[in-house]
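In case it helps, our numbering puts the sequence shown at residues 83 to 434. Yeah, the Cβ is synthetic: ideal placement off N, Cα and C, and Gly gets one too. All values derive from a computational prediction rather than experimental measurement. Structure first, commentary second.
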Amino acid sequence: MVLERLGFLSPGGTVGARGTPLRGDELCRIRTPFLHGSTHKVVVTPQAQPQDESAVDSGGVVEVEDPFKLLRQLRKSAILLVLHLLLGVAYCSTVFSWSLAESLYFCVVTITTVGYGDFVPTTPSSKIFFMVYILMSLTIVASAVNSVIGSILERQEEAVRHVIEDTVGERVRDAETAPLLFGFKAAEWVQILSALAVFLGLVITGTLFFTIAEKLDLIDAMYFIWVTCTTVGFGDLTPTKSPSRGFAAVFILLSTLSLANFLNTCVEVQLSRRSREARAKALQAKLDEKTFASIDANNDGKLSKDEYLVAMLRKLDLVKEDDLTAILDRFDELDASNDGFISEEEADICYK
Numbered sequence: 083m084v085l086e087r088l089g090f091l092s093p094g095g096t097v098g099a100r101g102t103p104l105r106g107d108e109l110c111r112i113r114t115p116f117l118h119g120s121t122h123k124v125v126v127t128p129q130a131q132p133q134d135e136s137a138v139d140s141g142g143v144v145e146v147e148d149p150f151k152l153l154r155q156l157r158k159s160a161i162l163l164v165l166h167l168l169l170g171v172a173y174c175s176t177v178f179s180w181s182l183a184e185s186l187y188f189c190v191v192t193i194t195t196v197g198y199g200d201f202v203p204t205t206p207s208s209k210i211f212f213m214v215y216i217l218m219s220l221t222i223v224a225s226a227v228n229s230v231i232g233s234i235l236e237r238q239e240e241a242v243r244h245v246i247e248d249t250v251g252e253r254v255r256d257a258e259t260a261p262l263l264f265g266f267k268a269a270e271w272v273q274i275l276s277a278l279a280v281f282l283g284l285v286i287t288g289t290l291f292f293t294i295a296e297k298l299d300l301i302d303a304m305y306f307i308w309v310t311c312t313t314v315g316f317g318d319l320t321p322t323k324s325p326s327r328g329f330a331a332v333f334i335l336l337s338t339l340s341l342a343n344f345l346n347t348c349v350e351v352q353l354s355r356r357s358r359e360a361r362a363k364a365l366q367a368k369l370d371e372k373t374f375a376s377i378d379a380n381n382d383g384k385l386s387k388d389e390y391l392v393a394m395l396r397k398l399d400l401v402k403e404d405d406l407t408a409i410l411d412r413f414d415e416l417d418a419s420n421d422g423f424i425s426e427e428e429a430d431i432c433y434k
């Protein structure tokens, strides 16, 4: 049992830098760089306090944020996408003698998998080319989506860290007393409505444009825009004029991405609400005799902060038994002297 292996972690029994004992509240504020992506935490020892005290939070931890990580990832994906589009446009305009707008329109329709079918490869060589081109498109789009998903996961990791801090701090009380509307916080409503506003703005713009440029009635224009945004692409209605195709090339990229962003935001906020409700229920639950006994690893009739912390992490599904076991196994590997502590000499070995 993990709690039994942690039985030695009585208050003051966990050692920090240079043999300094860490209290339970200090223990839960320790974060390691390899666990948290772009957020790096450095434990500050009493012998090496930083000059700028404002850079240190109340837990004695220096936080170095990298706010441009996602931006760099998206920039890389954008560059690849532009180069990929240029390749397709150059090929189409050369082989098929299509105009620039027509070539760009076809490539965007292909990349976004809308696939109207009004422009298609006709020669054997062009079909082979676009077999490869489509595969490359899926790879590039997947890379961009991975960057966005990675950003979402990092925000979820940040939320997990806040949950851990809440188990020993006062933030949880502030969070649970914050006013909610249909279960969502004001900030979450701002996220949802902002994403929705961007998407609806594009839908309205596209509808008005194709109503005027393609002489479609309002219902047909709305139908065409919706079929396009959702990448269904029936092909029964398609742009017929060169300016319309040029507009569609830009519109398809923006509208499909904005819809994906809106849906991702809704999912993320919903998950956040469920996590918050589960957290509140778990943190406010009373300790009955059976639960107390299961947490009391060393059977001393008292619960240390370490015992309670591990139990709550497991109850909130923030960590799994296998993860804790693997971490403790790694600790045992580093603890060459088997004294329950990792000395500086033992730690130096793993860095060499």
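Suppose you measure from the CA of residue i to the CA of residue j; what does that come to, to the nearest Å?
{"i": "Val202", "j": "Ile286", "result": "29 Å"}
{"i": "Leu416", "j": "Leu410", "result": "10 Å"}
{"i": "Phe212", "j": "Thr289", "result": "30 Å"}
{"i": "Glu403", "j": "Val392", "result": "10 Å"}
{"i": "Thr249", "j": "Leu365", "result": "Note on Thr249: pLDDT 48, under 50, position unreliable in the model; the coordinate value appears next. Looking at the two C-alpha atoms, the distance is approximately 8 Å."}
{"i": "Ile161", "j": "Arg355", "result": "36 Å"}
{"i": "Thr192", "j": "Val272", "result": "33 Å"}
{"i": "Leu282", "j": "Asp430", "result": "57 Å"}
{"i": "Gly197", "j": "Lys267", "result": "39 Å"}
{"i": "Val349", "j": "Cys174", "result": "38 Å"}
{"i": "Asp421", "j": "Lys387", "result": "22 Å"}
{"i": "Leu169", "j": "Arg412", "result": "49 Å"}
{"i": "Thr373", "j": "Val214", "result": "59 Å"}
{"i": "Ser159", "j": "Ile210", "result": "25 Å"}
{"i": "Asn381", "j": "Leu369", "result": "16 Å"}
{"i": "Ala375", "j": "Arg396", "result": "15 Å"}
{"i": "Leu406", "j": "Leu275", "result": "39 Å"}
Look up residue i in the DSSP assignment and give the residues it is bridged to.
{"i": "Phe201", "result": "None; Phe201 has no bridge partner."}
Contact check, residue i vs residue j under 8 Å by CB: the rounded distance?
{"i": "Thr195", "j": "Thr313", "result": "5 Å"}
{"i": "Val351", "j": "Glu270", "result": "5 Å"}
{"i": "Arg361", "j": "Leu398", "result": "6 Å"}
{"i": "Glu389", "j": "Ala379", "result": "6 Å"}
Taking C-beta to C-beta, are residue i and residue j nearer than 8 Å?
{"i": "Val401", "j": "Ser340", "result": "no"}
{"i": "Ala295", "j": "Ser337", "result": "no"}
{"i": "His166", "j": "Ser219", "result": "yes"}
{"i": "Thr347", "j": "Ala277", "result": "yes"}
In its own chain, which residues sit with a C-beta less than 8 Å from the C-beta of residue i, not counting the 5 before and 5 after it?
{"i": "Val171", "result": "Leu182, Ser185, Leu186 and Cys189"}
{"i": "Ser419", "result": "Ser425 and Glu428"}
{"i": "Glu359", "result": "Gly265"}
{"i": "Phe292", "result": "Leu298, Ala303, Phe306, Ile307, Pro321 and Ser326"}
{"i": "Gln133", "result": "Note that Gln133 has pLDDT 45, beneath the 50 cutoff, so the model's placement of it is unreliable and no number is given."}
{"i": "Ile216", "result": "Thr192"}
{"i": "Leu300", "result": "Thr289 and Thr293"}
Tell me which same chain residues have a C-beta within less than 7 Å of the C-beta of residue i, skipping the five on either side of it?
{"i": "Asp302", "result": "Leu319"}
{"i": "Thr322", "result": "Glu296"}
{"i": "Val177", "result": "Ser208"}
Excluding the five sequence neighbours on either side, which residues of its own chain have a C-beta within less than 6 Å of the C-beta of residue i, listed in chain order?
{"i": "Asp414", "result": "none"}
{"i": "Leu163", "result": "Ile222"}
{"i": "Val309", "result": "Phe316"}
{"i": "Gly328", "result": "Ala183"}
{"i": "Ala330", "result": "Tyr187 and Pro321"}
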